[in-house]
Structure formats: C-alpha cells, structure tokens
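As they're listed, the protein sequences go chains A and B. All residue numbers for the first sequence refer to the numbering used here, where the first residue is 1 and numbers rise by one. All residue numbers for the second sequence refer to the numbering used here, where the first residue is 1001 and numbers rise by one. No residue lacks a Cβ here, since even glycine has one placed at the ideal position from N, Cα and C. Heads up: the structure comes next, in structure tokens.
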Amino acid sequence: RVDLNVMREAMGVMQHHDAVSGTEKEHVAHDYARLLTRGFDECHIITNAALSQIVQKGATKSEHNFHYESDTMQFNSCPLLNVSQCSFTESRNAFVVTVYNPLSRPVSKFVRLPVTGTSYSVRGPDGKRLQTQLIPVAPSILKIPGRQSNATVELIFRAKDLPPLGFNSYYVEKTKKNIVSEPEISRDT
Amino acid sequence: KTDTEFEIDQKTGLLSRVHMNGRDIPLTQSFLYYEGFVGNNSVDTRSSGAYIFRPNGTAKSVSPSANISIFKGALVNEVHQVFDDWVSQIVRVYNEERYIEFDWLVGPIPIVPGKEVITSYTTPMKTNKLFYTDSNGREMLRRERNARPTWDLDVQEPIAGNYYPVTSKIVLTDGDIELAVLTDRAQGGTSLKDGEVELMLHRACLHDDAFGVGEALLEEAFGRGLVARGSHYLILGNKNSSNPDGKTAAAQERDLAQQKLLSAWTFLSETEGLTFEQYK
C-alpha cells in the first residue's frame, strides 16, 4: 500500500490540466517526470513481490523442490528499452526473461532486448529452442542524447501463447555463432 | 504467414504500397513540418505555442526521400529509413501479425523557425471529407473537414481548425475498405485531403502564446532539444465483411489496441549460475 501510494500521489498531482496537456513550464515537466519515476520504482517492489509469489507457487507444485538464495526472486525491468538500452541484458552471457501477460486471454509478444553478443540461444518453458533474430540498432537510435549503452543489436524472439494473467520464462544464453542480420539492401537515395 | 506486406520505392526509399487482409492499396508515408506562427498575441496574431497550434503556411517536407537499409528474417522484416539527421523511422512487419509498425524518431528539432512535425499517410481512398477519431480510447467520433455537426462553421484556421484530439486511433473508410492508424500516445490528427491522414508527433515553438505558461515550448533533455520516439500501428482491412482471420477491421483494431495498451511485461532475472535443466 505504501509503495503504491507513491504512484497514486504522483497521478494525483498529474490530474492538473498542465500535466495532461503539456502546458506546464519546462522545469515543472521535469519534476513530473521525477515524481513518476519514483512512482515506477516503488511499484516495482510490488510487481517483484507479486511475480516471485506466482513463480514460487507455480514451482512448488512441480516435483523439484524450488530453492532460491534470496527469499524473493529479483525480477529486473528495463525502463529504457525505448532508447534500446538495458544494462542487465548487455552485461550478462546468460539471463532469464519472464514475460507476464496482464490480459485475461492468451497473447503472444515479440520480445526485443538490446544486447552486445552476435547470437543467443533462447529456450522456452518446454525446453525447445526458439527461433531468434538479431537486428542492428538503427544508427539514429545509437546517437540519441543521453543514451548510455553498449548494445548495437537487438535480440528478437516470440513469446508465444502467454497464459492469461500468467507468465512464461525463457532461458537466454549467448553463443559463439554470428547471426546478426546484414542489410539485404542499403541505399542512399 | 498473414500476407501482411509493404512495398518500398527503391528510388525514394519511401513506402509505396500496403497489402493486408486481402486488401492492396497504394500508400505513401512521409514526414513534414509546419512553421509555427510568431505574432504579438493580439487577437488575430496569436503565436503557436504550448496552448495554441497555429501554423504559418502549409506543411513543408522534411525530405523527399530517405536512405534505407532493409533487414529480412524469420521473425520480422524491417526497413530502417533516415530522412534527415533529426528524423528517422523503422517500418516493420512481424511474422504472424496483421499490422505494420512505424517506429518513428524525431528530434532534436532544428529551431528558427519553430517547427511542428507531422507524419502523413496518403492513399487514393475516396473519403468525402470524412474521418473518424476516438474519444479517449472509446467510441469513434465522425469528423467532417471544415464543418461542425451543430453549427455552420466559418473557417478561420483552415489547418488548425481541422485538427482533433486522437487519443488512440484515427480511421478513414471508403466503402468496405477501412484504414486505421493506432497511436501509442495522445496526438493531434486530421485528414486535410481525401484519403490522407496526418498526426502531429513533436513540436518546438519559439514564442510564448500568452495563455499563462510564460515561456516558449522548447522542451529539452541532456542540454539539447528533446528527442521523441514512438510507434504508429497501421491496419488496412474490410470494414463490414470479415477479414481472413474472421474479424472485421474494427475488431482487429480493438484487439491490437488492447494488446498494446496492456502489453505483456518483460522482466529479467539471473540464472544463478544454473544450467537450463537445473533452472527449469
């Protein structure tokens, strides 16, 4: 409740018409961004706790005894995917991607993650390897002011049939091949 | 797998045709900008600013062509377009999906004069001055160019007077053909010519418009003009009869809007040094 209130207070402030329509002064706009960022950070505590409960509940049903060092799994999110930046995926050779579906019906989602490798194996919940694709990050995105990332390609795979109000986890590992897409056509018009 | 395709004109690097849901129409997309009006804010010389959109003349093209790189693959095909060093875009179609994504990137906007940047989708559809915009993501409202439903309009602002709020969707129809552009945020939009849709993406105005904020609309980040990045999702289909997936265009639009608004969340965790088998 306490964590959620931080976001609720931020949204309370932003009922003002300035926040809705963008007619606030520039420094006020930056303050709105600060309030929202704090709200997201606090809400992350909630999603982390909720998701680790769902995962632990799911796992305890399985025959393996689910053992985890930290009392709750850490689910990191990447709020800078809109500038193709994610220190978590850029700095690890292996990581787990958990995709949670908030809708009440199955959906599929193409996951795009900024990475620094040249090929990755992605295994789904059934253990099968998924089709992946690696596409270079567009040059204009690489030079966005403030972007601090070593990622030059995006790893793409399809999280298929995500269960309603549920999740799938994918085990991602860097491998030695090179499957980064080359442009079929490059043309300066 | 869903016959969703688009064609790129090799000479200009611009989109030239779209094929989706069994429909196939010429469609070009380009970036333009209005120069913001600068006045002393007495009655008829209002400036364009935070509250007021008032262009000085018609839209100018950012660039008549784009440098392109085309990437094809099993999951997604995409074209990276560079129109100028402050406007670029990725047009992509995912395998198995029934829409075309326009991942646009605008900024820092070179100012003097102030510019109000739009993206324009042009088709030969006969729309008889009509277009439809959503009302806060709910029902679609009928809009008619240079007219209002309840009074005779004396058009003072031929461009700004035809702009409407687009919270999530703007639609054109021509008989049984429906073209929809879904936005990932609220934008201003209109159809100033039959068969054409334009949406405003980003603005930089040099002059306060005297409605209270007391400063020009010049957003900045990291000491430079703000860079905005976002997506438009285009769906072309049958309005009344069903499409290959059994849904009408409106149902496909609704489905996609819900999936984008409440899109699946991506979380990342350590493997804790476990192999896949151990982790599983």
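Considering only their Cβ atoms, is the gap separating residue j from residue i smaller than 8 Å?
| i | j | result |
| --- | --- | --- |
| tyrosine 120(A) | lysine 174(A) | yes |
| asparagine 1021(B) | asparagine 1243(B) | yes |
| valine 1093(B) | glutamate 1005(B) | yes |
| alanine 1249(B) | glutamate 1178(B) | yes |
| glutamate 1097(B) | tyrosine 1034(B) | no |
| valine 153(A) | valine 137(A) | yes |
| isoleucine 135(A) | isoleucine 156(A) | yes |
| leucine 51(A) | phenylalanine 75(A) | yes |
| serine 1048(B) | cysteine 1205(B) | yes |
| phenylalanine 1053(B) | arginine 1046(B) | no |
| alanine 1180(B) | valine 1166(B) | no |
| threonine 189(A) | glycine 1013(B) | yes |
| isoleucine 1068(B) | isoleucine 1008(B) | yes |
| histidine 1202(B) | valine 1062(B) | no |
| glutamine 1259(B) | glycine 1237(B) | no |
Using beta carbons (cut-off 8 Å, strictly below), is residue i in contact with chain A?
| i | result |
| --- | --- |
| lysine 1115(B) | no |
| asparagine 1313(B) | Residue 1313(B) is absent from the structure shown; chain B starts at 1001 and stops at 1280. |
| lysine 1001(B) | no |
| serine 1069(B) | yes |
| threonine 1045(B) | no |
| tyrosine 1279(B) | yes |
| threonine 1058(B) | no |
| threonine 1012(B) | yes |
| tyrosine 1164(B) | no |
| alanine 1066(B) | yes |
Report yes or no: is there a C-beta of chain B within less than 8 Å of the C-beta of residue i?
| i | result |
| --- | --- |
| valine 178(A) | Looking at the sequence itself, residue 178(A) is asparagine, so the reference to valine does not match. False, the Cβ-Cβ gap to chain B never drops below 8 Å. |
| glutamate 24(A) | yes |
| cysteine 43(A) | no |
| serine 91(A) | no |
| valine 107(A) | yes |
| asparagine 65(A) | Any reading at asparagine 65(A) must be qualified, since the residue scores a pLDDT of 47, below 50, and its modelled position is unreliable; the value itself is stated next. It does not; no Cβ of chain B falls within 8 Å. |
| threonine 189(A) | yes |
| serine 140(A) | yes |
| isoleucine 185(A) | yes |
Can you list, in chain order, the residues of its chain whose CB lies under 7 Å from that of residue i, leaving out five sequence neighbours each side?
| i | result |
| --- | --- |
| asparagine 168(A) | Val99, Gly124, Pro125, Ala159, Leu162 |
| glycine 1073(B) | none |
| proline 106(A) | Asp161, Leu162, Pro163, Pro164 |
| threonine 1271(B) | Tyr1279 |
| valine 1082(B) | Ala1066, Asn1067, Ser1088 |
| glycine 1057(B) | Glu1035 |
Sorted by chain position, which residues of the same chain lie with C-beta nearer than 8 Å to residue i's C-beta, five sequence neighbours on each side aside?
| i | result |
| --- | --- |
| glycine 1161(B) | Asn1146, Leu1153, Val1155 |
| phenylalanine 40(A) | Met7, Pro79 |
| alanine 94(A) | Tyr171, Val172, Glu173, Lys174 |
| valine 83(A) | Ile141, Ile144, Gly146, Arg147, Ser149 |
| alanine 1257(B) | Gly1137, Ser1168, Lys1169, Leu1182 |
| arginine 38(A) | Val6, Ala10 |
| aspartate 1174(B) | Met1125, Lys1126, Thr1127, Gly1195 |
| alanine 1221(B) | Val1227 |
| leucine 1274(B) | none |
Would you identify the three-state DSSP class for residue i, choosing helix, strand or coil?
| i | result |
| --- | --- |
| valine 111(A) | strand |
| valine 137(A) | coil |
| aspartate 3(A) | helix |
| asparagine 48(A) | helix |
| alanine 1251(B) | helix |
| glutamine 53(A) | helix |
| asparagine 1162(B) | helix |
| arginine 1054(B) | coil |
| asparagine 1077(B) | strand |
| glutamine 131(A) | coil |
| serine 21(A) | helix |
| glutamine 1187(B) | strand |
| arginine 34(A) | helix |
| leucine 1261(B) | helix |
| alanine 1210(B) | coil |
| phenylalanine 1276(B) | helix |
| histidine 1232(B) | strand |
| threonine 1133(B) | strand |
Please work out which residues of its chain come closer than 6 Å, Cβ to Cβ, to residue i, disregarding the five sequence neighbours upstream and downstream, and give them in chain order.
| i | result |
| --- | --- |
| glutamate 1196(B) | Thr1122 |
| isoleucine 1170(B) | Thr1133, Val1181, Gly1189, Val1197 |
| aspartate 1211(B) | According to the sequence as given, residue 1211(B) is phenylalanine; it is not aspartate. These residues qualify, in order along the chain: Tyr1051. |
| threonine 118(A) | Asn178, Val180 |
| leucine 1199(B) | Thr1119, Gln1187, Gly1189 |
Check distances from the C-beta atoms of the region 1241 to 1274 of chain B to those of chain A and list, in chain order, the residues that come in under 8 Å.
-> Gln1258, Gln1259, Leu1262, Ser1263, Ala1264, Trp1265, Thr1266, Phe1267, Leu1268, Ser1269, Glu1270, Thr1271, Glu1272
The region 1218 to 1244 of chain B: which residues have C-beta closer than 8 Å to a C-beta of chain A, in chain order?
-> Leu1218, Glu1219, Glu1220, Ala1221, Phe1222, Gly1223, Arg1224, Val1227, Arg1229
Given a limit of 7 Å on CB to CB distance, which residues of the region 1075 to 1089 of chain B reach chain A?
-> Leu1075, Val1076, Glu1078, His1080, Val1082, Ser1088
Using Cβ-Cβ distances below 7 Å, what residues of the region 1185 to 1216 of chain B are close to chain A?
-> Val1213, Glu1215
Pull out every residue of the region 1166 to 1181 of chain B whose Cβ sits closer than 9 Å to any Cβ of chain A, in chain order.
-> none
Residues of the region 1017 to 1045 of chain B whose Cβ lies closer than 8 Å to any Cβ of chain A, in chain order = none
Within 8 Å of chain A by C-beta, residues of the region 1115 to 1133 of chain B in sequence order | none
Which residues, in order along the region 142 to 155 of chain A, keep a beta-carbon less than 8 Å from a beta-carbon of chain B?
-> Ile144, Pro145, Gly146
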